[in-house]
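Data first, discussion second: the structure below is written as structure tokens.
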Amino acid sequence: MVTAAPVAMAARAAAPQTPGQVPGTPQTASQDTGQDNGGDAPADGMEEAEEVVVTGQLRGAVQGDVKPELVLNPADIRAYGAASLAELLTELEPQTRSGRGRGGGGPVLLLSGRRISSFAEIRDIPPEAIERMDILPEEAALKLGYRADQRVVNIVLRRRFRSITGELDATVATAGGRGGQDAELSMLRINRDGRLNLDIEYERDTALLESEREVARDPNVPTADPNYRTLLPKTENVALNGVFSRNIGKVAATANLRLEQNASESLLGLPVGGATTPLQRASDTGTLHGGFSLNGDLSPKWRWSVTGNWDRVESRTVTDTDSGRSDRARSVSNVGSIDALVNGALLPLPAGDISASIRASGRTSDLQSDSLRGGLFSASDIGRDTGSVQANIDLPIASRSRAVLKGLGNLSLNGNVEVEELSDFGTLLTYGYGVNWSPIEQARLIASFTEEEGAPSAQQLGNPLLTTPNVRVFDFVRGETVDITRIDGGNPNLIADNRSVMKLGLNLRPLKDTDLSFNVDYNKSTIRNPIASFPTATAEIEAAFPDRFVRDGSGTLIRIDNRPVNFLRSEREQIRWGINFSKAISSPLARKAAEAFQAQRAARQAAREAAIARGETLPPGARGPGGRGPGGDGPRRFGEG
């Protein structure tokens, strides 16, 4: 918000000009009324005016009344020392993590306030290309068609940027035994027409043996030789990523393609019978990702976006066994999705516009898997088609700037509902409501409540059975460490869960001219029939799931079925709080250099304006304010604000 003094605004907000009046000259009261005000007129002949407040929005900001909890400028971003956006988000994880969502609570990512197809579209952008980062609470996600269980990170790029970077890394474990190498080459170009980003990365790590960490050998288990068992596998990864974005008229179009290949090898110990060749497990995974996004404006108050993704993952695993045969498992996953959103102002109210968003999405997935275990072949093919519609509405009640119920400050209510139809699970319903209240300018309180139904994933239902021998676990029943055979895979008997979530959030900015903020969030979630991987082998767990444990005649644990299960109920309460403070620290020399640069820039601008006023022709290439030619009033492209 910018506050302009009455004198400064008089030249812009004067009444219609009278004949012969010079444009931009402030009118006096006598000019307006044709009468002499005498001694009642101000000394400078200007009519007193009330203070005028001009509201605006930062370039690339997220629309709506939910304001950022944290804003990072280029200096703040440089202070993290990250080499890529992926590394920067890792550093910011305490500020971007949500305690309300599924799958770790990763944030929703936006580019200049607009939706993107996936993280692969922006992961390789260098931090130097970022002009600003806004971190917003979960409620901002509703306005963009997402559920209110993820925070929002809005990334605003510089208007122009070009870089070619190379990076070589070598790592060595401090205790020895494991080392790695990483090489990456990246190119990025940003201009008013769009951006192009190409990246290639290669990474490898050597294996770490149990003997290299002095793991004691059990004399009763001759096959568990630490010299032939790995704590960490040997891995090798290569990835190629390309992003092309272009402004087509008033539409911003982006295409993304990513290829990735991962391989790993593990040692599982010696086979029974005295052989000296260790058992091995080799895994190979190939990933292909394609995505696109289209963003545009229907009107000054309404925006639209369409995003689509397609992912194919092929995985193969070969595991040696004591019998001399190899167990094999293979899976192929194909997932396609498309998502359309419209959002904007619906109706005007005294306290502001009623804003709404409507999202429709479709998703299809197919998981084919087969395994050969102990000479027995099994196969499965699980497909799922999903369609959903989500609507969100925000209703402003009070507004300080509009003097509507001013004593309440800024107050708005919101409600949302989503209906999801799954081909193999029927209909799932999610709904929520909340309040966004800022009683004073320095404080903001958010309260929200959500009821959500969630189905198990296709992988949890249909992953192939995988048997791993000689897995070391601690048996809490007998108080001993044993080597067991572990069974992993999908469980077709899983049912949907139901989640109830309440959140109370408080954001304080006590000092107006200081970048200092306090954040406190309280989250409480209750989940009925939660889906989870099998827990540690305690006496209570074994009593609840006796068919998941196998012991020999002496009572020694020899097998655990580790496939996911439904539990009865889980409850979680969390309080997250934080203090954010940033201040630029610059030397006197740097301040003088910045002041000199600003003075030179102002002098050049004044010279250009003077030349234009005299009617002189500017030399070729001369630009006016904003880099759009003399006067700075040239046409703007999509996304330039």
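Counted the way the UniProt record's numbering counts, the sequence shown spans residues 1 to 641. Think of the CB as a built atom: it goes at the ideal place given N, C-alpha and C, for glycine as much as any other residue. Please read all numbers here as calculations on a predicted model, not as lab measurements.
Between the CA atoms of residue j and residue i - distance to the nearest angstrom
i, j, result
"residue 615", "residue 601", "21 Å"
"residue 410", "residue 143", "18 Å"
"residue 293", "residue 332", "26 Å"
"residue 581", "residue 516", "5 Å"
"residue 604", "residue 598", "10 Å"
"residue 116", "residue 141", "13 Å"
"residue 91", "residue 85", "10 Å"
"residue 273", "residue 321", "12 Å"
"residue 412", "residue 436", "5 Å"
"residue 504", "residue 594", "43 Å"
"residue 341", "residue 109", "15 Å"
"residue 288", "residue 258", "6 Å"
"residue 486", "residue 557", "11 Å"
"residue 283", "residue 71", "42 Å"
"residue 478", "residue 550", "14 Å"
"residue 314", "residue 262", "10 Å"
"residue 533", "residue 546", "16 Å"
"residue 574", "residue 113", "29 Å"
"residue 31", "residue 345", "Note that residue 31 scores 38 on pLDDT, short of 50, meaning its location in the model is unreliable; the coordinates nonetheless yield the value given after this. In a straight line, the C-alpha of residue 31 is about 40 Å away from that of residue 345."
"residue 249", "residue 613", "34 Å"
Residues bridged to residue i (per DSSP)
i, result
"residue 433", "415 and 449"
"residue 396", "412"
"residue 269", "Paired residue(s): none; residue 269 is not in a bridge."
"residue 132", "156"
"residue 318", "282 and 328"
"residue 303", "297 and 343"
"residue 179", "172"
"residue 60", "According to DSSP, which records beta bridges pairwise, residue 60 is partnered with nothing at all."
"residue 352", "349"
"residue 119", "Its beta-bridge partners do not exist; DSSP assigns none."
"residue 309", "291 and 337"
"residue 260", "239 and 287"
Limits of the unbroken alpha helix (DSSP H) element including residue i
i, result
"residue 287", "Not the alpha helix (DSSP H): residue 287 falls in the beta strand (DSSP E), residues 280-299."
"residue 214", "Looking at the DSSP string, residue 214 is not in any alpha helix (DSSP H), and its letter there is neither H nor E."
"residue 460", "458-462"
"residue 540", "539-544"
Short Cβ contact (8 Å threshold) for residue i with residue j
i, j, result
"residue 382", "residue 367", "yes"
"residue 234", "residue 265", "yes"
"residue 229", "residue 214", "no"
"residue 433", "residue 415", "yes"
"residue 137", "residue 78", "no"
"residue 242", "residue 212", "no"
"residue 59", "residue 153", "no"
"residue 450", "residue 148", "yes"
"residue 291", "residue 308", "yes"
Coil, strand or helix - residue i by DSSP
i, result
"residue 228", "helix"
"residue 193", "coil"
"residue 127", "helix"
"residue 512", "coil"
"residue 503", "strand"
"residue 142", "helix"
"residue 589", "helix"
"residue 609", "helix"
"residue 534", "coil"
"residue 68", "coil"
"residue 642", "For residue 642 there is no data in the structure shown, the boundaries of the chain being 1 and 641."
"residue 150", "coil"
"residue 368", "strand"
"residue 96", "helix"
"residue 598", "helix"
"residue 604", "helix"
"residue 616", "coil"
"residue 276", "coil"
"residue 565", "strand"
Range covered by the beta strand (DSSP E) that runs through residue i
i, result
"residue 78", "Element bounds for residue 78: not the beta strand (DSSP E) but the alpha helix (DSSP H), 74-79."
"residue 574", "569-581"
"residue 85", "Element bounds for residue 85: not the beta strand (DSSP E) but the alpha helix (DSSP H), 85-91."
"residue 167", "161-172"
"residue 111", "108-111"
"residue 240", "234-248"
"residue 474", "466-475"
"residue 485", "480-488"
"residue 402", "First-last for residue 402: undefined, no H or E at that position."
"residue 494", "From DSSP, residue 494 is part of no beta strand (DSSP E); its letter is neither H nor E."
"residue 561", "557-561"
heavy atom of the ligand ZN below 7 Å from residue i C-beta
i, result
"residue 410", "With respect to small molecules bound, the structure shown includes none, and the ligand ZN cannot be examined in it."
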